[in-house]
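This report concerns only the one structure given below.
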Amino acid sequence: MRGRLTERFASAFEGMALESGRGESALVGEIADQAQLFGLLDRVRNFGLELVRVEPVAPASPGRAP
3 MRGRLTERFA
13 SAFEGMALES
23 GRGESALVGE
33 IADQAQLFGL
43 LDRVRNFGLE
53 LVRVEPVAPA
63 SPGRAP
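Okay, so the sequence shown: first residue is 3 according to my numbering, each after it adds one.
Structural data, given as structure tokens:
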């Protein structure tokens with residue numbers, strides 16, 4: 003999302019880690035199914051946040067460092 007989110011927003015996205023970078027913030031975490039994804043996207047919209055991108059992250063293979 004564009005901008006730096008505060009911890010107040012992080013608490014609204016329970017189970018997700020908030021990572022802030024230069025001009026953007028990321029919510030990182032495991033999403034169980036499409037219903038959960040759509041719920042998160044609804045919250046992003048309801049807060050008026052600007053979504054920049056959504057990226058899948060491949061799970062770490064056993065025996066490899068994350």
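For each residue, glycine too, the CB sits at the ideal point set by N, CA and C. A quick note: this is a predicted structure, and the numbers were derived from the prediction, not measured.
- Look at A12 here: in three-state DSSP terms it is helix.
- The beta carbon of E52 is closer than 8 Å to those of M3, R4, G5 in its chain, skipping five residues each way along the sequence.
- G31 places its beta carbon less than 7 Å from that of A19.
- For V59, no alpha helix (DSSP H) run applies, since DSSP gives it neither H nor E.
- Short of 6 Å from the beta carbon of G17, and not among the five residues preceding or following it, lie these beta carbons of its own chain, in chain order: G31.
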